[in-house]
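In order, the protein sequences belong to chains A and B.
Positions 1376 to 1985 (the numbering used here) are the ones given, in order, by the first sequence.
Positions 127 to 364 (the numbering used here) are the ones given, in order, by the second sequence.
Don't be surprised by glycine CBs; every beta carbon is placed ideally from N, CA and C.
Everything below concerns the one structure shown next.
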Amino acid sequence: MQQFIQDLVAKNHYQATRLLDMLRAVQFRYRYIPADAIELLAGLLAISRTRIISVIEFYSFFSDTPKGQYDLLISDSITDHMLGKKELMNYLADKLQVAVGSVRGDGLVSLDNTSCTGMCDQGPAGLVNGFALTRLDKSRIDAIAELINRQIPLAEWPAEFFQVDDNIHKSGLLLSQAIAHGDALRAAFNRGLKESLAEIDLSGLRGRGGAGFKTAMKWRFCSEEQESERYVVCNADEGEPGTFKDRVLLNAYAHQVFEGMTLCAALIGSKQGFLYLRGEYLHLYDKLQTVLQQRREAGLLGTGILGQALDFDIEIRLGAGAYICGEESALIESLEGKSGIPRNRPPYPVTQGYLGKPTVVNNVETFVAAAAIAINGGAWFAAVGTEKSKGSKILSICGDCTKPGIYEYPFGTTIQAILSDCGASDVLGVQVGGPSGTFISNREFDRKLAFEDLATGGSFIVFNNSRNILDIVHNFTHFFAHESCGFCTPCRVGTSLLKKQLDKIVDGHGSAGDVVALEELCQLVKTHSHCGLGQTAANPVLTTLERYPELYQSRLKLISYEPGFDLDAALETARRMANRNDAGAHLAQTDASGSLPIASFPPSLAVRSS
Amino acid sequence: MTNTITIDGKAVPFEEGQTIMEAATAAGVYIPHLCHHPDYTPYGSCKLCTVKVNGRVCSACTFPAAEGQDVLNNTKDLNDDRKLITQMLFVEGNHFCPSCEKTGNCQLQAVAYHLNMLDDHFPLFYPHRKVDASHPDVMIDHNRCIFCTLCVRASQQHDGKDVFAISGRGINKHLIVNAESGLLKDTDIEATDRAAHVCPTGAILIKRTGYQVPIGQRIYDHHEIDEVSLLTEQQHGE
Chain A
1376 MQQFIQDLVA
1386 KNHYQATRLL
1396 DMLRAVQFRY
1406 RYIPADAIEL
1416 LAGLLAISRT
1426 RIISVIEFYS
1436 FFSDTPKGQY
1446 DLLISDSITD
1456 HMLGKKELMN
1466 YLADKLQVAV
1476 GSVRGDGLVS
1486 LDNTSCTGMC
1496 DQGPAGLVNG
1506 FALTRLDKSR
1516 IDAIAELINR
1526 QIPLAEWPAE
1536 FFQVDDNIHK
1546 SGLLLSQAIA
1556 HGDALRAAFN
1566 RGLKESLAEI
1576 DLSGLRGRGG
1586 AGFKTAMKWR
1596 FCSEEQESER
1606 YVVCNADEGE
1616 PGTFKDRVLL
1626 NAYAHQVFEG
1636 MTLCAALIGS
1646 KQGFLYLRGE
1656 YLHLYDKLQT
1666 VLQQRREAGL
1676 LGTGILGQAL
1686 DFDIEIRLGA
1696 GAYICGEESA
1706 LIESLEGKSG
1716 IPRNRPPYPV
1726 TQGYLGKPTV
1736 VNNVETFVAA
1746 AAIAINGGAW
1756 FAAVGTEKSK
1766 GSKILSICGD
1776 CTKPGIYEYP
1786 FGTTIQAILS
1796 DCGASDVLGV
1806 QVGGPSGTFI
1816 SNREFDRKLA
1826 FEDLATGGSF
1836 IVFNNSRNIL
1846 DIVHNFTHFF
1856 AHESCGFCTP
1866 CRVGTSLLKK
1876 QLDKIVDGHG
1886 SAGDVVALEE
1896 LCQLVKTHSH
1906 CGLGQTAANP
1916 VLTTLERYPE
1926 LYQSRLKLIS
1936 YEPGFDLDAA
1946 LETARRMANR
1956 NDAGAHLAQT
1966 DASGSLPIAS
1976 FPPSLAVRSS
Chain B
127 MTNTITIDGK
137 AVPFEEGQTI
147 MEAATAAGVY
157 IPHLCHHPDY
167 TPYGSCKLCT
177 VKVNGRVCSA
187 CTFPAAEGQD
197 VLNNTKDLND
207 DRKLITQMLF
217 VEGNHFCPSC
227 EKTGNCQLQA
237 VAYHLNMLDD
247 HFPLFYPHRK
257 VDASHPDVMI
267 DHNRCIFCTL
277 CVRASQQHDG
287 KDVFAISGRG
297 INKHLIVNAE
307 SGLLKDTDIE
317 ATDRAAHVCP
327 TGAILIKRTG
337 YQVPIGQRIY
347 DHHEIDEVSL
357 LTEQQHGE
């Protein structure tokens, strides 16, 4: 092991910022991160072991106990559930003789759930040793179980098990015409860099990750900072359940993504860029490295790009399973080789980002759009869309529709038009923007895709009338509790409380007042959480409670008091201690009068003695 | 030229680079807090110091004071929410004040008094957490840790060591110590370290000092936390 770690650290130039990549390599080789590896890494990187342990315990794809030689993770996205995930998971566990969340006795295989893997248009999906598996069904699971039991290496598994399709069904402004390599940079240099930034400003382009900050303004702020070192970061941590458009852009339009990043580098004065690729997209890694190499060979990356005074290169850094890293400051922390905990702001990343230097973080789609604008001009882009939302939006459409996949629409398109295109019928509602977005009912399909109406990072999940809204909310609420980074109290405790309170109601244990308590909790988590995760974690409950209050009420028990636990069983210890078992030592679950059967004893606070 | 913000209508001067918390403390305005300590880098995780700055919700301990800020602090709405956040901290861990050595000196308990917290409000989590009594002089009772990182920061920024860290994600967050064994006895902590004394709750205690001051004669048995906090933190700030 010593040699392996020594070589690994040397290959990573002893840079602690690349800790995630090194831990990925250790995890891949040993199926876990052995304690010895932590000690060796700490010594060679001159960082504390606690920093390494905290990173291991933060990211889902690292483990401090051995996983199976074949580590299977099955996507827990609502769309996978709609495609029969639960039954398939049981089938898989049975077939492989391994319980979910554990390693089989012989150490050959481990099985667990994982958050959405971004294959919602071709699920049920999963990962085997980090590589994406698509279109799982019983026959495929039979084959996989056979391959695992015969210990066939992944390289010899049928290629179609790993096949990921783009499924582009509707192209618009951006997708209909990929730019020729280098054209955006040439156009920018010909026009002048200042003038090119002005074109992006004129285009009205706003960030495509969902928040919608004006791109030109972000780039200008960064360029105006009094620092010589600046960074360009592409956020490809596409973790919002139901979103997969960046996966397609990186597969089919990778050159344009990198060209947009290089354009940004030219405009703000940066020498180094990073593509932060979510760990779930490991299958794209080699291909993207090849594209980067092609661009270096074509003089589009490296020193003196296109013969101009522009030196810039891009490094790919892989994530390791943490939704929160889609938040830009958490992403920067992760890029620095740390746990993905969102920073306090101000300072904003444009002022102090990666390694404390001015940094532009933009979504994959934003860079694609910027490259196209550099060629076609701002007016070309601004001619499409609405007053406040210029241009087009690329959607990942999935759920109950006949043609799930990628659709590009001008901003301002109605939900009804989108639903017709993707073959959705008998629609109950649509989740726009993923779990952190908005659930809209079938009475609102005249609403529009736009920052000023329905904003989305790209997730668009269709539900038909056979679906149960509370199942959806349950899935989303559990997702947020699982993904909360735990930094701040309202989100760390609040998302777990939300989960408990919702489960209580959904499971039929709620009583009068429980829906009010749920709503109160939602407002608290939304108002006081540190970052976007907590601020939107209650949206699934809030947006459905607003539209379907009767649904929540119908789950409540019609009694004035419902104990949250078994009263009589709780007295068992006391009965044993008192050596009593008479009628007076027992309690009925509910009192006929409906009043409280016992006094409640708040256990925590001492009475002040003064 | 004086820089001024207003807090609940009161004019409060500030110096360039000060946070709202620092300006407030200097002016004798108490903003409830647990993870903030004037000697260490602001962290901003407990969210008790949430204030409204020109209508926007901010953490006073990390948000920079700036001209023209109209800050709401001691309002019913904010104090109601602070009480709920405090109740979250109580239910998340195992806090049994009557049997805790820190009772009466505990800032978590004192803030709860201050906010008039009378019950837990939320269901208790009853997590399984351990006690690390391996060290001869210092012990950790993980049941009472609220992840404020004051021990982490004090160790790094005052003691020149690196004894503590917060690990894990979400509700599984927990305090770890810098030893291969994972035990406090194998770290370089000493009972005289600031990190061993900075805990606002009873999670880190010095052995053989328990109950030397009888319950009933402790700080918050006789003083409100706002008064104690302002007195001690104004001295620190100087």
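Contact between the region 1583-1594 of chain A and the region 1557-1568 of chain A is not established, with fewer than three Cβ pairs separated by less than 8 angstroms.
Contact note: S293/B reaches chain A through T1425, I1428, S1429, V1430, I1431, E1432, F1433, S1714, using a C-beta cutoff of 9 angstroms and chain order. Residues of chain B with a Cβ closer than 8 angstroms to the Cβ of H1857/A are, in chain order, G296. If you check each beta-carbon in the region 172-186 of chain B against every beta-carbon of chain A, the ones closer than 9 angstroms belong to C172, K173, L174, T176, V183, S185. Residue environment analysis places P1810/A among the buried positions, since at least 16 neighbouring C-beta atoms fall within 10 angstroms of its C-beta. Residues of the region 334-360 of chain B with a C-beta atom less than 7 angstroms from some C-beta of chain A are I341, G342, D347, H348, listed in chain order.
Using a Cβ distance threshold of 8 angstroms, C1609/A and F1742/A count as a contacting pair. Of A1400/A, F1506/A, I1428/A, the smallest CA-CA separation from S1450/A is found for F1506/A. Any Cβ of chain B closer than 8 angstroms to the Cβ of K1875/A would place that residue at the interface, and such an atom is present.
Distances from the CA of A1695/A to each of G1635/A, L1642/A, D1882/A, G1614/A were compared; the closest alpha carbon is that of G1614/A. By the Cβ test, the region 1415-1426 of chain A is not in contact with the region 1474-1489 of chain A, since fewer than three Cβ pairs between them sit closer than 8 angstroms.
CA-to-CA, the gap between T1852/A and L1803/A works out to about 20 angstroms. Residue contact with chain B for S1871/A: present (Cβ-Cβ distance below 8 angstroms to some residue of chain B).
At a Cβ-Cβ threshold of 8 angstroms, Q1876/A and A1892/A count as neighbours. In the DSSP assignment, C1897/A falls within the unbroken alpha helix (DSSP H) covering 1889-1903. Two segments are said to touch when three or more pairs of C-beta atoms, one from each, lie closer than 8 angstroms; by this definition the region 193-203 of chain B does not touch the region 1918-1930 of chain A. Contacts between R1867/A and chain B, judged by CB atoms closer than 9 angstroms, involve S171, M214, E218, F273, G296, I297, K299 in chain order. In the three-state DSSP reduction, M265/B falls in the strand class (E or B). Taking all protein chains shown into account, D1411/A has fewer than 16 neighbouring C-beta atoms within 10 Å of its C-beta and is therefore exposed.
Contact between L1676/A and N1626/A does not hold, since their C-beta atoms are separated by about 19 angstroms, which reaches or exceeds 8 angstroms. Shown here, L210/B sits in a helix according to DSSP, grouped into three states.
Residues of the same chain with a CB within less than 7 angstroms of the CB of L250/B, apart from the 5 flanking positions on each side, are V217 in chain order. Residue-level contact by beta carbon holds for C1860/A and chain B, with a gap shorter than 8 angstroms.
The beta-carbon distance between E350/B and H221/B, rounded to whole angstroms, is 20 angstroms. This is too long to meet the 8 angstroms contact definition. Following the DSSP letters along the chain, one finds K1768/A inside the beta strand (DSSP E) bounded by residues 1767-1774.
Nearest CB-CB separation between F248/B and chain A: below the 8 angstroms threshold. At least 8 angstroms separates the CB of N1914/A from every CB of chain B. Taking C-beta separations shorter than 8 angstroms and ignoring five residues to either side along the sequence, the partners of R1720/A in its chain run S1704, following chain order. Judged by beta-carbon spacing, L234/B lies within the 8 angstroms limit of I272/B, meaning their Cβ atoms are closer than that value.
Of the residues assessed, Y337/B falls on the exposed side of the cut-off, its CB having fewer than 16 other CB atoms within 10 angstroms. Straight across, the Cα-Cα distance linking V1666/A with L1624/A is about 13 angstroms. Within the same chain, Cβ atoms closer than 8 angstroms to the Cβ of A1825/A are found at G1760, T1761, K1763, S1764, F1786, G1787, the five residues on either side in sequence being excluded. The C-alpha of Q144/B lies about 28 angstroms from the C-alpha of L1899/A. Within the region 1518-1582 of chain A, complete beta strand (DSSP E) segments of at least 3 residues are found at 1543-1545, given in chain order. Annotation for Q1876/A: the continuous alpha helix (DSSP H) segment containing it runs 1864-1881. Listed by position along chain A, the residues whose Cβ is nearer than 8 angstroms to that of I302/B are T1425, I1428, S1429.
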